[in-house]
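S.K.:
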Amino acid sequence: MAEADLELCLSTALKLAREAGGMIKDAFKKKKNVMLKASPIDLVTETDEAVEKFLFSELRKVFPQHRYIGEESVAAGAKVDFTDAPTWIIDPVDGTMNFVHSFPFTCVSIGLTVNKEPVIGVIYNPILDHMYHARKGHGAFLNDEKITVSGETDLSKSLVIGEMGTSPIPEKRECVFENARILVGKAHGFRSLGSCALNMCLVASGAAELYHEAGIHCWDVAAGAVVVTEAGGVVIDTAGGEFDLLSRRVLCASSPSLGQEVASLLHQYQPPRD
Ligand code: LIP
-15 MAEADLELCL STALKLAREA GGMIKDAFKK KKNVMLKASP IDLVTETDEA VEKFLFSELR
45 KVFPQHRYIG EESVAAGAKV DFTDAPTWII DPVDGTMNFV HSFPFTCVSI GLTVNKEPVI
105 GVIYNPILDH MYHARKGHGA FLNDEKITVS GETDLSKSLV IGEMGTSPIP EKRECVFENA
165 RILVGKAHGF RSLGSCALNM CLVASGAAEL YHEAGIHCWD VAAGAVVVTE AGGVVIDTAG
225 GEFDLLSRRV LCASSPSLGQ EVASLLHQYQ PPRD
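Note that our numbering has the sequence shown beginning at -15, numbered continuously upward.
#1: Of the choices D78, L39, S23, K14, whose alpha-carbon is the least far from that of C202?
#2: Any heavy atom of the ligand LIP inside 7 Å of the beta-carbon of D128?
#3: M184: buried (16+ other C-beta within 10 angstroms of its C-beta) or exposed?
#4: Could you give the DSSP three-state label for I197: helix, strand or coil?
#5: Please state the DSSP three-state secondary structure of G5.
#6: What do you reckon, is the C-beta of T31 under 7 Å from a heavy atom of the ligand GTP?
#7: For A192 and G225, I'd like the C-alpha separation in whole angstroms.
#8: Which residue from A198, K16, E42 puts its Cα closest to that of I153?
#9: To the nearest angstrom, how far is it from the Cα of E136 to the Cα of G243?
#10: Just how far apart, CA to CA, sit F38 and S93?
#11: Let me check you understand the geometry: is the CB of V58 closer than 7 Å to at least one non-hydrogen atom of the ligand LIP?
#12: Over the uninterrupted beta strand (DSSP E) stretch that includes A118, give me the two end residues.
#13: Let me know the beta strand (DSSP E) ranges lying completely inside the segment 215 to 255, each 3 residues or longer, listed in chain order.
#14: Do L230 and I220 count as a contact pair if the criterion is CB distance below 8 Å?
#15: Taking buried to mean at least 16 other C-beta atoms within 10 Å of its own C-beta, is L139 buried or exposed?
#16: According to DSSP, G173 sits in a beta bridge with which residue or residues?
#17: Quick one: give me the first and last residue of the beta strand (DSSP E) that T29 is part of.
#18: For E42, which residues in the same chain have their Cβ closer than 7 Å to its Cβ, ignoring the five residues on either side in sequence?
#19: Taking A124 as part of the beta strand (DSSP E), name the residues at either end of that continuous run.
#20: Which runs of the alpha helix (DSSP H), 4 residues or longer, sit entirely within the segment 25 to 88?
#21: Measuring CB to CB, does I104 end up less than 8 Å from A(-3)?
#22: How far does the alpha helix (DSSP H) with N163 in it extend, from its first residue to its last?
#23: Give me the Cβ distance between V28 and T80, rounded to the nearest whole Å; I'm assuming they're in contact under 8 Å.
#24: For P76 versus E55, is the C-beta spacing smaller than 8 Å?
#25: Hey, out of S151, P24, A247, K21, whose CA is closest to I200's CA?
#26: Under 6 Å Cβ to Cβ from D51, same chain only, skipping five residues before and after it: list those, please.
#27: Take every Cβ of the segment 141 to 151, pair it with every Cβ of the segment 171 to 183, and state whether three or more of those distances are shorter than 8 Å.
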């Protein structure tokens, strides 16, 4: 895709992320109509659905030839049709559980892939007014200030993020708890905050050194993968191999050695692919 086209994609995504963020912020303090998806803790609200509909509609006006993958469209039965075509991969409200509880760690995440590679990432937390963005080869930014990972290589000096997730599956929950036990004993600190995309931004900005999770989806990680790598971090599989956008597993780290060390410690869980 030409440089000018990618610049138009980024500027359009930034504009729409801010507008979508306004929708999230308006609803944030109000009573929410919460609906259930795969389990009693896998939630969706009218805001999730309205934001995704808004973003798809506005992006299609500018980029009618592009393809679209969204969390709520897939939940409604759409297939994850992942091709080499320019594809917008969107989580309208990442951290929906946080949003429902008015816990201010929630965002809209807008990623763009070309030839199946993430090239643009825009992640906006409207409650804290934190706009993260990155374009492949052009750096990563928080509110237009360049961000970089901490570069830390020592696990005992690292703040590590691990998510409990929403799955009721015993095998997955056992894996989550075992990995938390392992890491709490070795890291400087351990956090669980409820938003994949924002967790990735915390690593990118040097506020944390590592985040890992199995059970997320392509729309959770597509934008964050660009933000982390453009901030000088690594994005790999939880077992240490190459990152696979549809694998539903991610590990991002402030340095390659830290990422590989933690990957070697983790108990692995393999959810069905997207
Ligand atoms: C969430 C992820 C989070 C994960 C939750 C949930 P959602 O995405 O951001 O990392 O632990 O289970 O999948 O559903 O709020 O868009």
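Heads up, the beta-carbon is just placed ideally off N, CA and C, and yes, glycines get one too.
M.R.: Well, looking at it:
#1: With respect to the C-alpha of C202, the residue from D78, L39, S23, K14 having the closest C-alpha is D78.
#2: For the ligand LIP, not one heavy atom lies less than 7 Å from the Cβ of D128.
#3: When all chains shown are included, M184 counts as buried.
#4: Position check: residue 197 holds Glu in this sequence, whereas Ile was assumed. In this structure, E197 counts as strand in the three-state DSSP scheme.
#5: In the structure shown, G5 sits in a helix (DSSP, three-state: H, G or I).
#6: The ligand GTP is not among the ligands present in this structure, which contains only the ligand LIP.
#7: The alpha-carbon atoms of A192 and G225 are separated by roughly 21 Å.
#8: Nearest option by C-alpha distance: A198.
#9: If I take the Cα positions, the gap works out to 10 Å.
#10: Going from the Cα of F38 to the Cα of S93 covers about 13 Å.
#11: It does not: the Cβ of V58 is nowhere closer than 7 Å to a heavy atom of the ligand LIP.
#12: For A118, the enclosing beta strand (DSSP E) stretches over residues 114 to 119.
#13: DSSP runs (the beta strand (DSSP E)) wholly in the segment 215 to 255: 218 to 220, 233 to 237.
#14: The answer is no: Cβ separation not under 8 Å.
#15: With 16 or more other Cβ atoms inside 10 Å of its own Cβ, L139 counts as buried.
#16: Answer is L143, bridged to G173.
#17: Residues 27 to 29.
#18: Here the set comprises L0.
#19: First-last of the beta strand (DSSP E) with A124: 124 to 126.
#20: Runs of the alpha helix (DSSP H) inside the segment 25 to 88: 30 to 46, 55 to 59, 80 to 84.
#21: Less than 8 Å separates the beta-carbon of I104 from that of A(-3).
#22: Where N163 is concerned, the enclosing alpha helix (DSSP H) starts and stops at 154 to 168.
#23: So it is a contact: roughly 7 Å between Cβ atoms.
#24: A contact, by the Cβ cut-off of 8 Å.
#25: Considering only alpha carbons, the answer is S151.
#26: Residue 51 is actually Arg in this sequence, not Asp. Excluding its 5 nearest sequence neighbours in each direction, R51 has C-beta neighbours in its own chain below 6 Å: A69, T71, listed in chain order.
#27: Three or more beta-carbon pairs separated by less than 8 Å link the segment 141 to 151 to the segment 171 to 183, which places the two stretches in contact.
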